[in-house]
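Numbering (the numbering used here), first residue to last: 101 to 306.
Yeah, the Cβ is synthetic: ideal placement off N, Cα and C, and Gly gets one too.
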Amino acid sequence: MTKPAKDEKAKLRRGFGRLVALGVLLVVAGLVGLVYTGVATLTSMLLFGWLLLIGGVVGLLHAIEGRGSNFFWLAVIVAALNIAAGVVILKSPDAAADALAMFAALLFLTAGLFRLVGGLVVRGPQFGLTLLLGAFDLLLGILVLGSWPSSSQYVIGTFFSLALLFDGLGLIATGFGGRRIVGMVEDASGVGKAGPGDASKPVQAE
């Protein structure tokens with residue numbers, strides 16, 4: 101194997117190793133968030149607010165740079181709405197969490213009803229699974245809505261922590277899978293290579 105190829109494979113292994121390390125951090129953060137859901141809710145809302153605020157400022161700057169375009173005022177309005185939403189969330193994260201929890205509950209209720217009705221009407225090959233998912237969404241929406249607004253203290257944090265957990269597990273699986281593939285390529289590249297002393301000697305004629 102040539103030296104450049106070895107260097108490339110070493111870089112790939114280090115890159116996949118970083119993915120595994122990042123995945124472990126996300127998994128730990130997700131597990132901590134599931135234990136301290138109130139802190140996770142507040143953290144997620146503050147992060148969401150800052151993302152909206154920064155995104156709105158960047159969008160406004162881009163709109164000003166391209167003010168000669170036909171969508172200038174639309175871009176300005178969207179950026180202003182993002183900035184306003186970010187400021188409101190950062191100023192009142194608890195009220196924003198209440199609103200998002202209400203929105204999540206209504207979303208689960210709507211999705212559950214659509215799945216149940218659609219499953220009963222269509223009766224496709226996934227009929228049982230569709231009804232099960234619809235009933236689960238409906239039950240989750242009822243539970244969140246039934247204990248609202250107190251449920252907002254843990255609903256958003258739980259969803260945020262679960263997202264971190266599953267993203268971390270995905271990164272860990274990708275990192276280990278990538279390192280394994282690199283190792284298999286290295287093993288395959290070394291198979292069938294003859295050493296310097298393995299060449300057969302020519303037969304001399306008598």
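Alpha-carbon to alpha-carbon, residue j and residue i
| i | j | result |
| --- | --- | --- |
| Val291 | Leu112 | Note that Val291 scores a pLDDT of 49, beneath 50, so its modelled location is shaky; the value from the coordinates is reported in the next line. The alpha-carbon atoms of Val291 and Leu112 are separated by roughly 21 Å. |
| Thr274 | Pro225 | 32 Å |
| Ala201 | Val139 | 15 Å |
| Val176 | His162 | 9 Å |
| Val221 | Gly168 | 51 Å |
| Ile183 | Phe227 | 44 Å |
| Gly257 | Leu206 | 18 Å |
| Leu95 | Arg223 | One cannot answer for residue 95 here, as it falls past the ends of the chain, which runs 101 to 306. |
| Arg118 | Met145 | 28 Å |
| Leu213 | Ile242 | 12 Å |
| Leu122 | Leu151 | 21 Å |
| Leu239 | Leu262 | 19 Å |
| Val158 | Val187 | 15 Å |
| Ser247 | Gly166 | 47 Å |
| Ala110 | Val178 | 45 Å |
| Gly278 | Met284 | 10 Å |
| Ala294 | Phe276 | No answer about Ala294 holds up, because its pLDDT of 48 lies below 50 and its placement is not dependable. |
Per-residue DSSP class, three states only, for residue i
| i | result |
| --- | --- |
| Pro249 | coil |
| Arg167 | coil |
| Tyr136 | coil |
| Ser144 | helix |
| Arg223 | coil |
| Ser192 | coil |
Residue burial classification, residue i (beta-carbon count within 10 angstroms, cutoff 16)
| i | result |
| --- | --- |
| Asp194 | exposed |
| Leu125 | exposed |
| Phe172 | exposed |
| Ser250 | exposed |
| Gly156 | buried |
| Phe266 | exposed |
Contact check, residue i vs residue j, beta carbons under 9 Å
| i | j | result |
| --- | --- | --- |
| Gly268 | Gly115 | no |
| Leu245 | Leu216 | no |
| Ala185 | Leu160 | no |
| Thr141 | Tyr254 | yes |
| Ala57 | Ser252 | Shown here, the chain extends from 101 to 306; a query on residue 57 therefore has no answer. |
For residue j and residue i, believed in contact at Cβ under 8 Å, the rounded distance
| i | j | result |
| --- | --- | --- |
| Gly133 | Leu232 | In fact, because the Cβ distance is near 27 Å, the residues do not count as touching under 8 Å. |
| Gly218 | Leu190 | Actually they do not touch by this definition, with Cβ atoms about 39 Å apart. |
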